[in-house]
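The opening position of the sequence shown corresponds to residue 126 in my numbering, with each subsequent residue numbered one higher.
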Amino acid sequence: MNALTDSYTLANSVKIPCVGFGTWQTPDGETTVQSVLAALEAGYRHVDTAAVYGNEKGVGDAIKKSEINREELFITSKLWNSARGYETTLAAFEVTMEKLQLETLDLYLIHWPAAKGDPADWQKTNLDTWRAFEHLYNTKRIRAIGVSNFLPHHLEPIIRDATVQPMVNQIEFHPGFMQKESVDFCRAHNILIEAWSPLGTGKMLTDKTLAAIAAKYDKSVAQLCIRWCLQNDTLPLPKSVTPSRIRENARVFDFAISDADMATINAMPYFGGSGLNPDEINF
Ligand code: A2P
């Protein structure tokens with residue numbers, strides 16, 4: 126990868142720009158509009174939002190304002206947990222599209238799996254939701270479909286039943302939390318891993334090991350983490366509302382982390398994680 130517009134290729138041949146601009150915890154309105162515009166100016170062409178972030182309208186407004194050709198942009202959103210199920214997914218998708226003010230979505234993800242703790246049959250709920258995703262894909266409302274925060278045992282029933290296989294799994298991924306089992310499982314099924322919170326929502330930035338390695342390359346820890354995701358063949362989604370940081374996070378193509386430094390970072394013990402376990406969340 127040599128530029129923000131270089132891409133990974135999904136299982137269905139759709140190309141996805143290799144770094145996405147994250148918007149989790151970005152308030153809607155001017156903050157979202159201005160930060161997405163700053164990202165587009167810095168060269169990002171891939172924006173990641175979700176119904177639950179509450180900022181799809183701001184993302185849509187920024188896209189409109191930017192006047193960038195729709196075909197150049199890659200826009201992802203996610204179905205919130207309360208809308209799981211067939212009909213409810215179809216309805217929630219229309220609300221998302223209205224807010225984004227788009228005709229077609231590039232990627233739609235199930236935000237979290239229905240899981241063990243659910244009172245209903247969690248496997249059936251995920252399959253019903255997935256059938257709605259397949260319908261939206263087959264009717265060309267969405268160019269690619271996938272999941273988020275799915276562990277292998279959540280993916281297995283879908284993979285067994287699907288007529289369209291998931292193309293992406295967006296998971297928490299940063300130094301100290303590489304989710305090897307999920308990553309290996311997804312690789313074996315040709316599912317691209319997207320990395321949410323590649324900076325550990327900022328918790329990576331004060332780590333001494335990472336700071337020492339970043340200094341060797343004359344780079345910031347944020348840049349090191351983003352580059353590290355790419356060199357691990359995952360797609361990072363760094364979030365910032367600060368224009369200087371947004372630009373900084375885009376400058377990750379003028380250095381390469383050595384094999385030895387990759388090995389050091391890959392071996393770091395668990396730290397800085399969100400602690401969110403997909404089998405135990407109650408939201
Ligand atoms: P802010 O949005 O106020 O600029 P993650 O992508 O892992 O979720 O991390 C996002 C957090 O890291 C946000 O708090 C963001 O702050 C901060 N952040 C993003 N990029 C940088 C950077 N280059 N330097 C320092 N902090 C950053």
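From the three backbone atoms N, C-alpha and C, an ideal C-beta is built for every residue, glycine too. Since we're looking at a predicted model, the values are computed, not measured.
- Straight across, the Cα-Cα distance linking alanine 167 with alanine 339 is about 22 Å.
- As DSSP reads the structure, glutamine 295 sits in a beta bridge with Ser273 and Glu319.
- Boundaries of the beta strand (DSSP E) harbouring phenylalanine 199: 199-204, taken from the DSSP string.
- Of the residues Thr174, Val177 and Glu197, the one whose Cα lies closest to the Cα of lysine 140 is Glu197.
- The bridge partners DSSP lists for aspartate 332 come to none.
- Assignment of beta-bridge partners to aspartate 286 by DSSP yields no partner.
- In terms of Cα proximity to lysine 333, the closest of Ile283, Gly397, Ala320 and Asp253 is Gly397.
- Per DSSP, reduced to three states, the secondary structure at lysine 341 is helical.
- With fewer than 16 other beta carbons inside 10 angstroms of its own, lysine 305 counts as exposed.
- Secondary structure of lysine 265 (DSSP, three-state): coil.
- Look at glycine 325: its beta carbon is less than 8 Å from one of the heavy atoms in the ligand A2P.
- In this model, serine 345 and valine 172 are separated by some 22 Å (Cα to Cα).
- Taking 3 residues as the minimum length, the beta strand (DSSP E) runs contained wholly in the segment 153-220 are 171-173 and 199-204, in order along the chain.
- Rounded to the nearest angstrom, the gap between the Cα atoms of alanine 245 and alanine 239 is 9 Å.
- The continuous stretches of beta strand (DSSP E) do not include lysine 241, and DSSP gives it neither H nor E.
- Here serine 399 is exposed: its Cβ has fewer than 16 other Cβ atoms, across all protein chains shown, within 10 Å.
- In this structure serine 160 does not touch isoleucine 351 by the C-beta definition: roughly 16 Å separates them, more than the 8 Å allowed.
- Placement of the Cβ of valine 366 at a distance of less than 8 Å from at least one heavy atom of the ligand A2P is found.
- Taking C-alpha positions only, isoleucine 188 is separated from leucine 330 by approximately 30 Å.
- Our two residues, asparagine 357 and arginine 376, have alpha carbons roughly 17 Å apart in a direct line.
- DSSP places leucine 355 in the uninterrupted alpha helix (DSSP H) bounded by 346-356.
- Put simply, the segment 265-281 touches the segment 219-234. At least three CB pairs are less than 8 Å apart.
- Between the C-alpha atoms of proline 394 and alanine 287 there is a straight-line separation of about 36 Å.
- DSSP, read as helix, strand or coil, puts threonine 326 in helix.
- Counting the other Cβ atoms within 10 Å of the Cβ of lysine 190 gives fewer than 16, which makes it exposed.
- In the three-state reduction of the DSSP assignment, leucine 234 falls in the strand class, which pools E and B.
- The DSSP-derived three-state label of isoleucine 141 is strand.
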